[in-house]
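Worksheet: one structure, shown below.
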Amino acid sequence: MGNGFINQREARQHTPAECPFLSEQVSCQRNGRPDFEYEKWSWEAKDCDVPRFNGIDMLERLRGKRVIIVGDSLNRNQWESLACLLYSAIPSSQAHVDVRSGFYKVFKAKDYNCSVEFYWSPFLVQLEQENGSRILSLDKLSPLAKRWRGADVMVFNTGHWWVHSGKMKAWDLFHYNGKLVEEMEIGSALRKGMRTWARWIDRHVDGAKTTVFFRSISPPHQGKQWCYNITRPNMDESYESAFPKSMREIIEITIRSMAIPVRYLNITKLSEYRRDAHPASYARKQEKILKTEQKPLEESHPDCSHWCLPGLPDTWNRLLYASLVMDTSISSHLVV
-17 MGNGFINQRE ARQHTPAECP FLSEQVSCQR NGRPDFEYEK WSWEAKDCDV PRFNGIDMLE
43 RLRGKRVIIV GDSLNRNQWE SLACLLYSAI PSSQAHVDVR SGFYKVFKAK DYNCSVEFYW
103 SPFLVQLEQE NGSRILSLDK LSPLAKRWRG ADVMVFNTGH WWVHSGKMKA WDLFHYNGKL
163 VEEMEIGSAL RKGMRTWARW IDRHVDGAKT TVFFRSISPP HQGKQWCYNI TRPNMDESYE
223 SAFPKSMREI IEITIRSMAI PVRYLNITKL SEYRRDAHPA SYARKQEKIL KTEQKPLEES
283 HPDCSHWCLP GLPDTWNRLL YASLVMDTSI SSHLVV
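The working numbering numbers the first residue of the sequence shown as -17 and each following residue consecutively.
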């Protein structure tokens, strides 16, 4: 394999005990997962020396700066990873973490006067209740957007909530061009929503001061690629995520068309190998599952979408860190 994961005895950069604020959903060891190998795989790229994550160096680069991570629970997964990587690099007395809200979370490093914030916005555009209906407004950005302004580094994602169906679908109607629409092809809806986000970025972001990233789709492992009881990566390079390729292309085309440069943090392929790294049945404490559901673990709706921490999102943040270090157009406006 040209690019791939190699097993390193101590690849992980933090431990669950170092970050007490990690959510139960990603705390696989606390929830009783018995194996540790999934924590030790390290991504190595062919013909490219990707620097190891260095928490102190990243904090120095972010001194006096503000990072925002915006999107769905997979971007929350990435925020938890980054917050933990930075939290474990400094004395806990020098850190402030607030995870009480489901819509906003923040890590602050006091000595560096920097913050890493998470904003819940799974569609990036606005989802609201009106007359008992859930309306997804494709030409109106999330009301939280006013709080995104002025950040020095922005990391966005969307995608997963657009393809939910049945009971998982989050909206009843679309709103676009002043009209309520009951039916719309999902690719068309995503395209309209992405264009709304892109216009906001082009209008409100100063590319000379702010670096914008868009993280690609984090692949779930369902069906034949089910993650239950898997303890090693899948090294089959031919495997591709079931997430619709057309949806990924809509996002990529939108990004390429923008006036403000957006760096595409493409983690999809490297994440496809890692069906061993999901919480599976360890997204909750085992005694909770057995007590509330009274059925075998493999039948208790294993989580094959999110990722254990320590784990794969640490690799995503290693690539984010590498971009800040290696891209001179970024490092020129960050303190080094």
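All C-beta atoms in this analysis are idealised placements derived from N, C-alpha and C, irrespective of residue type, glycine included.
By the neighbour-count criterion, in which a residue is buried when 16 or more other Cβ atoms sit within 10 angstroms of its Cβ, Pro33 is exposed. Per the Cβ contact rule, the stretch 90 to 100 is not in contact with the stretch 120 to 128 (fewer than 3 Cβ pairs under 8 Å).
In this structure, DSSP gives Ile212 a state outside helix and strand, which the three-state scheme calls coil. The stretch 196 to 203 and the stretch 156 to 166 do not touch, with fewer than three beta-carbon pairs separated by less than 8 Å. Fully enclosed beta strand (DSSP E) runs of no fewer than 3 residues occupy 155 to 158, 161 to 163, 193 to 197 of the stretch 149 to 224, in order along the chain. Fewer than three pairs of CB atoms, one per stretch, sit closer than 8 Å, so the stretch 233 to 242 makes no contact with the stretch 283 to 298.
Scanning the stretch 25 to 89 for uninterrupted beta strand (DSSP E) segments of 3 residues or longer gives 48 to 53, 77 to 80, listed from N- to C-terminal end. Taking C-alpha positions only, His186 is separated from Ile242 by approximately 10 Å. In the three-state reduction of the DSSP assignment, Ser103 falls in the coil class. Just so you know, the alpha carbons of Asn216 and Arg256 end up roughly 6 Å apart. Here Trp23 carries a strand assignment [DSSP, helix/strand/coil]. Bounds of the beta strand (DSSP E) holding Ile117 are 115 to 123.
Cβ-Cβ separation between Pro201 and Ser223: approximately 3 Å, consistent with a contact (criterion under 8 Å). At a Cβ-Cβ threshold of 8 Å, Leu123 and Gln111 do not count as neighbours.
The alpha helix (DSSP H) runs of length 4 or more contained entirely in the stretch 218 to 258 are, from start to end of the chain, 227 to 238, 250 to 254. Within the DSSP secondary-structure output, Phe3 pairs in no beta bridge.
For Leu252, the closest alpha carbon among the candidates Lys28, Ser311, Gly84 is that of Lys28. For Val307, the enclosing alpha helix (DSSP H) has its first and last residue at 294 to 308.
Under the three-state reduction of DSSP output, Asp17 falls in the coil class, being neither helix nor strand. By the neighbour-count criterion, in which a residue is buried when 16 or more other Cβ atoms sit within 10 angstroms of its Cβ, Ile212 is buried. With the rule of 3 Cβ pairs closer than 8 Å, the stretch 52 to 60 counts as touching the stretch 129 to 149.
Annotation: the continuous beta strand (DSSP E) that includes Val135 extends over 135 to 138. Tyr246 has its alpha-carbon roughly 15 Å from the corresponding atom of Gly189.
The C-beta of Ala152 has fewer than 16 other C-beta atoms within 10 Å across all chains shown, which makes the residue exposed. Out of Ser170, Thr(-3), Asp309, Met240, the CA that lies nearest to the CA of Leu64 is found in Thr(-3).
Looking from the CA of Tyr86, the closest CA among Gly53, Ser70, Ser311 belongs to Gly53. As DSSP reads the structure, Leu109 sits in a beta bridge with Leu118.
Ala259 counts as buried, since no fewer than 16 other beta carbons sit within 10 angstroms of its beta carbon. With contacts defined as CB atoms closer than 8 Å, Ala71 and Lys90 fail to qualify as a contacting pair.
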